[in-house]
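A.B. asks: Okay, here's the structure, questions in a sec.
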Amino acid sequence: MSTKSSDHDPYVRAEIAPPSGIAFPHKHLLGTWGLDPTTIQHLLDTADRYVDQNRRAQKTTPICAGLTQINLFFENSTRTLMSFEIAGKRLGMDTISMSTGTSSIKKGETLLDTAATLNAMHPDVLVMRHADSGAVKLLSEKMSCAVINAGDGRSEHPTQALLDALTIRRRKGKLHGQIIAISGDITHSRVARSNIYLLTAMGARVRLVAPPTLLPKDVDRLGVEVYTRMDEGLKDADVVMMLRLQQERMQGGFLPSLREYYQFWGLTRDKLAVAKDDVLVMHPGPMNRGVEIASDVADDFDRSAIEEQVEMGVAVRMACLDILTRNLREGGEA
Amino acid sequence: MSTKSSDHDPYVRAEIAPPSGIAFPHKHLLGTWGLDPTTIQHLLDTADRYVDQNRRAQKTTPICAGLTQINLFFENSTRTLMSFEIAGKRLGMDTISMSTGTSSIKKGETLLDTAATLNAMHPDVLVMRHADSGAVKLLSEKMSCAVINAGDGRSEHPTQALLDALTIRRRKGKLHGQIIAISGDITHSRVARSNIYLLTAMGARVRLVAPPTLLPKDVDRLGVEVYTRMDEGLKDADVVMMLRLQQERMQGGFLPSLREYYQFWGLTRDKLAVAKDDVLVMHPGPMNRGVEIASDVADDFDRSAIEEQVEMGVAVRMACLDILTRNLREGGEA
Amino acid sequence: MSTKSSDHDPYVRAEIAPPSGIAFPHKHLLGTWGLDPTTIQHLLDTADRYVDQNRRAQKTTPICAGLTQINLFFENSTRTLMSFEIAGKRLGMDTISMSTGTSSIKKGETLLDTAATLNAMHPDVLVMRHADSGAVKLLSEKMSCAVINAGDGRSEHPTQALLDALTIRRRKGKLHGQIIAISGDITHSRVARSNIYLLTAMGARVRLVAPPTLLPKDVDRLGVEVYTRMDEGLKDADVVMMLRLQQERMQGGFLPSLREYYQFWGLTRDKLAVAKDDVLVMHPGPMNRGVEIASDVADDFDRSAIEEQVEMGVAVRMACLDILTRNLREGGEA
């Protein structure tokens with residue numbers, strides 16, 4: 347197959363536009379908290395239209411040509427940064443990426459001054475990752491352009507939740523009513539949090555399956571079911587979403603040992619047997635094989651959607667960049 | 347507002363060209379030292395034409411399409427590197443950026459061999475920052491293409507001085523005759539040095555206001571007035587330009603303590619009261635709030651031009667890239 | 347001269363295509379091992395056509411527009427990474443570069459999972475450098491797109507060998523029959539290894555000239571002549587290719603001291619006197635002057651081709667990117 351947009355009807359890509367009345371209701375995308383189902387569905391539909399029959403997010407007509415996207419990552423990342431950079435370039439954006447190592451933040455500047463400086467460069471969209479919960483929101487308040495949260499502390503990682511939702515919807519046909527077990531280090535996971543908000547908003551039945559020490563304190567208010575045993579939590583599940591064990595954040599005795607963690611909480615074929623036959627296994631990556639997931643489960647291509655998640659990542663980020671910059675672009679798309 | 351160039355008359359951007367007889371008289375832009383007023387004015391005029399009514403440096407027709415810009419930074423930087431990268435992309439350049447961490451310089455190569463290697467890649471413009479004074483000039487002697495100094499040691503940072511001058515000219519109408527107090531760590535500041543050369547060349551009255559330990563040794567030859575007290579140095583000033591206290595360079599007892607520094611040399615409302623009512627407050631960033639400048643002064647949007655400086659930075663760098671590559675481009679613009 | 351492609355007949359660039367029957371016979375370019383002479387010649391011919399009369403690899407019509415090139419370097423590099431990035435941009439590629447510092451590999455992901463993730467981003471070409479021999483090959487087995495090895499451990503660095511070959515061919519007219527002495531730290535050198543395979547395949551007479559401790563163990567199987575004295579190994583040589591002394595890999599007593607190394611193995615005018623009068627001196631860079639090569643030899647522009655090697659590097663990488671992505675592109679070029 348060819349990757350040239352001229353192979354495809356370019357108008358298919360160019361005409362993606364929100365049906366009247368459901369334009370994106372926010373300036374920024376800081377989290378999935380508070381997003382309504384219509385908006386979520388519109389984001390997913392838009393993303394889905396970028397994906398071709400090989401699950402590749404297609405290069406479009408350069409609908410974002412002339413726009414400037416800054417990716418500013420205060421935490422290291424390969425996959426998310428690369429995904430946003432590819433997404434931007436596929437839309438024709440001018441993309442500028444900077445990682446923490448080369449930042450003057452170390453020179454003692456406050457976050458608000460960094461925001462003022464970034465704003466004065468007049469980007470059209472800012473994608474930001476930060477180690478502190480709330481930092482992206484704080485910065486976004488100073489920005490004239492759209493800000494996309496690419497992960498902040500333990501708080502939110504909305505594009506991850508959107509790509510997870512798109513993956514589930516493509517595999518299962520819908521989100522509503524699906525039994526989705528999220529298992530592992532939920533306390534430290536912005537991925538879990540964004541997924542909980544989005545999936546419950548879409549009518550999925552979300553279960554958290556984790557040892558009590560790895561459950562968030564506000565678990566009662568999340569609208570989820572809580573399980574502290576894998577055999578109960580995974581029973582009849584449609585989707586099992588494993589989380590990365592954030593070993594770098596685990597100082598302080600949350601767990602006895604990795605070996606013991608794996609024995610009780612690692613996803614193995616045995617533990618998975620209680621789920622539905624066609625259960626979908628997901629992981630946001632990077633995986634610790636033999637810690638939170640067994641290799642044969644990760645590599646079971648009938649049930650594992652781990653690569654499809656990455657594929658949907660590019661499409662979802664294209665949709666977010668597209669939709670959040672529509673008001674800057676001319677004419678019919680706005 | 348829209349950011350598409352097609353919203354504007356594209357010819358306005360494309361036709362920017364030096365009036366006959368005042369093409370840029372140098373191959374490189376290594377400093378403001380020795381730049382004549384006509385050349386400075388031409389650079390500022392060109393930059394100014396890139397700025398729209400929102401103080402955004404506009405995307406142009408891609409007048410530099412097909413040209414290759416290498417940004418090679420041997421010192422960390424967010425704002426300057428990003429500013430040059432945005433400037434290049436807005437002109438349609440292919441930009442390639444590299445920061446010191448990923449450089450083979452650590453492998454023991456000499457600077458002249460690095461220069462020969464870079465030259466053999468045949469970029470059309472090289473933007474370079476280096477921790478050593480004179481390093482950019484040394485390297486430029488080996489380069490066939492235009493070199494722009496993005497800051498070398500304590501020596502020069504010409505685009506910073508140009509963006510400062512453009513900011514002052516836009517706010518005050520002219521540079522000639524303005525009383526401009528530069529205050530703070532002048533010894534270690536390439537920003538101060540480039541500003542002194544440029545502003546005196548344009549007929550401004552430049553004052554240096556600093557403790558004797560932070561004044562450069564050649565201060566008598568700079569054509570400036572010297573003050574060692576804030577109340578005298580800021581009296582009737584049209585512009586107060588505060589410098590960043592280079593704490594990382596301050597080992598060696600130049601100052602007693604940050605608290606004491608702030609008390610005597612930090613810019614507060616009280617100290618600023620002796621300046622003209624419509625005084626303009628500037629800072630090249632990143633700021634140490636509570637060290638060289640009080641927060642309420644930095645955030646006083648009537649008098650502070652700190653964000654406008656960053657905005658003018660993109661425009662000034664576009665002008666420099668544009669003008670220094672004109673001889674490479676076709677036809678009428680050369 | 348101008349760098350605009352419109353100054354040149356664009357069709358000259360666009361029509362570069364393999365004569366029928368000699369399309370590139372491999373999916374990846376992992377090494378020069380096993381490349382047949384026709385394929386090598388086709389790569390060199392293609393590269394050569396990109397070079398203008400100033401030895402600059404010209405910007406082409408954007409034949410790779412819409413394609414995505416990922417440069418993923420798990421070892422630091424300036425010249426190779428920059429060269430690939432320039433090469434990609436000159437073909438119109440969307441290029442995305444990442445160096446090891448900003449990678450999540452440190453988070454414990456396996457190389458195969460990294461490969462799966464990269465593959466799921468659907469790049470059209472992946473350029474990869476890795477500190478471990480064989481790592482690029484391992485990863486390439488998981489990739490749907492073309493992979494170019496930009497250097498892996500002590501194994502191969504095929505584009506370096508191709509640019510060396512192009513340099514020799516341009517200077518000497520042909521590769522066949524040339525006496526080429528490769529001297530220095532051969533054990534640790536992927537450059538040497540790729541050159542040996544390529545040059546012997548093209549019928550050159552390759553000599554390895556090194557102390558026994560710096561010769562590879564499989565030297566008898568390489569089809570080369572071995573010398574352990576410079577005066578014998580350089581006698582009548584057409585080309586002397588010096589290697590970088592990998593000091594960072596020299597822990598373990600391979601050599602007594604740098605001074606002694608230079609005395610016996612550094613390339614000086616005296617040692618070079620036994621070679622042919624028009625001998626070509628080459629070095630892959632970065633050079634350790636006064637260690638493996640004397641400054642006056644490196645700077646002898648009649649005989650040194652060191653800068654031309656870098657120049658050919660951009661052209662050779664353009665050719666590799668062009669040829670390896672042809673099957674993705676439309677119509678007549680495939």
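So the sequences go chain by chain: S, U and C. Residues 347 to 680 in our numbering are what the first sequence lists, from first letter to last. Residues 347 to 680 in our numbering are what the second sequence lists, from first letter to last. Residues 347 to 680 in our numbering are what the third sequence lists, from first letter to last. From the three backbone atoms N, C-alpha and C, an ideal C-beta is built for every residue, glycine too.
DSSP state of U:V397, grouped into three classes?
C.D. replies: Residue mapping note: residue 397 of chain U aligns to position 51 of the second sequence, counting from 1. In the structure shown, the three-state DSSP call for U:V397 is strand.
A.B. asks: Going along chain C in order, which residues have a C-beta closer than 7 Å to the C-beta of S:S429?
C.D. replies: As a working note, residue 429 of chain S is residue 83 in the first sequence. Within chain C, the residues near S:S429 are M467.
A.B. asks: Mind pulling the chain S residues with CB within less than 8 Å of C:I442?
C.D. replies: On the third sequence, residue 442 of chain C is found 96 positions in, with the first residue counted as 1. Chain S residues near C:I442: M428, E431, I432 and K435.
A.B. asks: Can you tell me the Cα-Cα spacing of C:F610 and C:P562, whole angstroms?
C.D. replies: Indexing the third sequence from 1 puts residue 610 of chain C at position 264. Indexing the third sequence from 1 puts residue 562 of chain C at position 216. Approximately 19 Å, taken between the alpha carbons.
A.B. asks: Note the first and the last residue of the continuous alpha helix (DSSP H) segment covering C:N465.
C.D. replies: For the purposes of this step, residue 465 of chain C is identified with residue 119 of the third sequence, where counting begins at 1. L457 to A466 is the span of the alpha helix (DSSP H), which, as asked, contains C:N465.
A.B. asks: May I ask you to verify whether the stretch 486-504 of chain S touches the stretch 423-437 of chain U, counting CB pairs closer than 8 Å and requiring at least 3?
C.D. replies: no
A.B. asks: Cα-Cα, which of C:R516, C:D577, C:I409 and C:P371 is closest to C:K435?
C.D. replies: Within the third sequence, numbered from 1, the residue matching residue 435 of chain C stands at position 89. The option with the nearest alpha carbon to C:K435 is C:I409.
A.B. asks: Would you list, in chain order, the members of the stretch 453-464 of chain U that have their beta-carbon closer than 9 Å to a beta-carbon of chain C?
C.D. replies: K453, G454, E455, T456, D459, T460, A462, T463 and L464
A.B. asks: Does any residue of chain U have a CB that is nearer than 8 Å to the CB of C:T424?
C.D. replies: Indexing the third sequence from 1 puts residue 424 of chain C at position 78. It does: the Cβ of C:T424 has a partner Cβ on chain U nearer than 8 Å.
A.B. asks: Mind checking if C:T574 is an interface residue toward chain S, Cβ cutoff 8 Å exclusive?
C.D. replies: Locating residue 574 of chain C in the third sequence gives position 228, where the first residue counts as 1. Not an interface residue.
A.B. asks: State the beta-bridge partners of C:D440 as determined by DSSP.
C.D. replies: For the purposes of this step, residue 440 of chain C is taken as residue 94 along the third sequence, with counting starting at 1. According to DSSP, C:D440 bridges with C:T414.
A.B. asks: Reducing DSSP to helix, strand and coil, say where C:H388 ends up.
C.D. replies: Counted from its first residue, the third sequence places residue 388 of chain C at position 42. Correct three-state label for C:H388: helix.
A.B. asks: Report the three-state DSSP secondary structure of C:G519 (helix, strand or coil).
C.D. replies: Here residue 519 of chain C refers to the residue found at position 173 when the third sequence is read from its first residue. Correct three-state label for C:G519: coil.
A.B. asks: Starting from the C-beta of U:L613, find all residues in its chain whose C-beta is less than 6 Å away, skip the five residues before and the five after it, and write them out in chain order.
C.D. replies: Locating residue 613 of chain U in the second sequence gives position 267, counting from the first residue. Excluding sequence neighbours, U:L613 sits near M588, I639 and V643.
A.B. asks: I'd like to know if U:T407 contacts chain C, where contact means its C-beta is closer than 8 Å to some C-beta of that chain.
C.D. replies: Here the question's residue 407 of chain U lines up with position 61 in the second sequence. Under the 8 Å criterion on CB atoms, U:T407 is classed as non-interfacial with respect to chain C.
A.B. asks: Hey, could you find the ends of the alpha helix (DSSP H) U:S486 is sitting in?
C.D. replies: As a first step, residue 486 of chain U must be located in the second sequence, where it is residue number 140. Start and end: A481 to S486.
A.B. asks: Does chain U have any CB closer than 8 Å to the CB of C:P630?
C.D. replies: Position 284 of the third sequence, counted from the start, is the residue given in the question as residue 630 of chain C. Chain U contact via Cβ: absent.
A.B. asks: Using a Cβ-Cβ distance cut-off of 8 Å, determine whether S:M439 contacts chain C.
C.D. replies: Within the first sequence, numbered from 1, the residue matching residue 439 of chain S stands at position 93. It does not: the Cβ of S:M439 has no partner Cβ on chain C nearer than 8 Å.
A.B. asks: Closer than 7 Å between beta carbons: that is the criterion. Which residues of the stretch 655-670 of chain C meet it against chain U?
C.D. replies: Residues passing the 7 Å Cβ filter: V656, E657 and V660.
A.B. asks: Alpha carbon to alpha carbon, what distance is there between C:I386 and C:Q524?
C.D. replies: As a position in the third sequence, residue 524 of chain C is number 178, starting the count at 1. As a position in the third sequence, residue 386 of chain C is number 40, starting the count at 1. Using only the alpha carbons, I get a separation of about 16 Å.
A.B. asks: Could you tell me which chain U residues have their CB closer than 7 Å to the CB of C:E682, listed as they occur along the chain?
C.D. replies: Missing from the structure shown is residue 682 of chain C; chain C here goes from 347 to 680 and no further.
A.B. asks: With DSSP run on the structure shown, which of helix, strand or coil describes U:L613?
C.D. replies: Here residue 613 of chain U refers to the residue found at position 267 of the second sequence. U:L613: strand per DSSP, three-state reduction.
A.B. asks: Step through the CB atoms of chain S and report whether any lies within less than 8 Å of the CB of C:T392.
C.D. replies: Along the third sequence, one-based indexing puts residue 392 of chain C at 46. No, because no Cβ of chain S sits closer than 8 Å to the Cβ of C:T392.
A.B. asks: I'd like to check one pair, C:R536 with C:L390: are the Cβ atoms closer than 8 Å?
C.D. replies: Working through the third sequence from its first residue, we reach residue 390 of chain C at position 44. Working through the third sequence from its first residue, we reach residue 536 of chain C at position 190. Contact: no.
A.B. asks: Determine, using beta carbons only, whether S:S423 and S:R475 come nearer to each other than 8 Å.
C.D. replies: For the purposes of this step, residue 423 of chain S is taken as the residue at position 77 of the first sequence. For the purposes of this step, residue 475 of chain S is taken as the residue at position 129 of the first sequence. In this structure, S:R475 lies closer than 8 Å to S:S423 by Cβ.
A.B. asks: Would you mind listing the alpha helix (DSSP H) stretches within the stretch 518-595 of chain C that are 4+ residues and don't spill past its ends, in chain order?
C.D. replies: 536-547 and 576-579
A.B. asks: Reducing DSSP to helix, strand and coil, say where U:I639 ends up.
C.D. replies: What you label residue 639 of chain U is simply residue 293 of the second sequence in a count that begins at 1. Three-state result, U:I639: strand.
A.B. asks: Check this for me: beta carbons of S:L580 and S:V555, under 8 Å apart or not?
C.D. replies: Looking up residue 580 of chain S in the first sequence gives position 234. Looking up residue 555 of chain S in the first sequence gives position 209. A contact, by the Cβ cut-off of 8 Å.
A.B. asks: Ordered along the chain, which non-local residues of its own chain (more than five positions away) have a Cβ less than 6 Å from that of C:Q592?
C.D. replies: Working through the third sequence from its first residue, we reach residue 592 of chain C at position 246. Apart from the 5 residues on each side of it in sequence, C:Q592 sits with its Cβ closer than 6 Å to the Cβ of D531 and H534 in its chain, given in chain order.
A.B. asks: If you run the structure through DSSP and keep just helix, strand and coil, what is C:A621?
C.D. replies: Within the third sequence, numbered from 1, the residue matching residue 621 of chain C stands at position 275. Correct three-state label for C:A621: coil.
A.B. asks: Over the uninterrupted beta strand (DSSP E) stretch that includes U:G497, give me the two end residues.
C.D. replies: Here residue 497 of chain U corresponds to residue number 151 of the second sequence, with the count starting at 1. Residues A492 to D498.
A.B. asks: Using 8 Å as the cut-off, can you tell me whether the stretch 655-675 of chain C makes contact with the stretch 402-418 of chain C, which would need three or more C-beta pairs spanning the two stretches below that distance?
C.D. replies: yes
A.B. asks: Quick test of your reading: S:L457 and S:A481, contact by CB under 8 Å. State the CB separation rounded to the nearest angstrom.
C.D. replies: Residue mapping note: residue 457 of chain S aligns to position 111 of the first sequence, counting from 1. Residue mapping note: residue 481 of chain S aligns to position 135 of the first sequence, counting from 1. That pair is a contact at about 6 Å.
A.B. asks: Got a sec: is the Cβ-Cβ distance from U:K412 to anything in chain C below 8 Å?
C.D. replies: As a position in the second sequence, residue 412 of chain U is number 66, starting the count at 1. Checking the displayed sequence, the identity of residue 412 of chain U turns out to be Gly instead of Lys. Output row for U:G412: interface = yes.
A.B. asks: Whose C-beta lies closer than 7 Å to the C-beta of C:V620 among residues of the same chain, with five residues either side of it excluded?
C.D. replies: For the purposes of this step, residue 620 of chain C is taken as residue 274 along the third sequence, with counting starting at 1. D577, L580 and K581.
A.B. asks: Just verifying my parser: in three-state terms, what is the DSSP assignment at C:L341?
C.D. replies: In the structure displayed, chain C extends from 347 to 680; residue 341 of chain C sits before or after that span and is not available.
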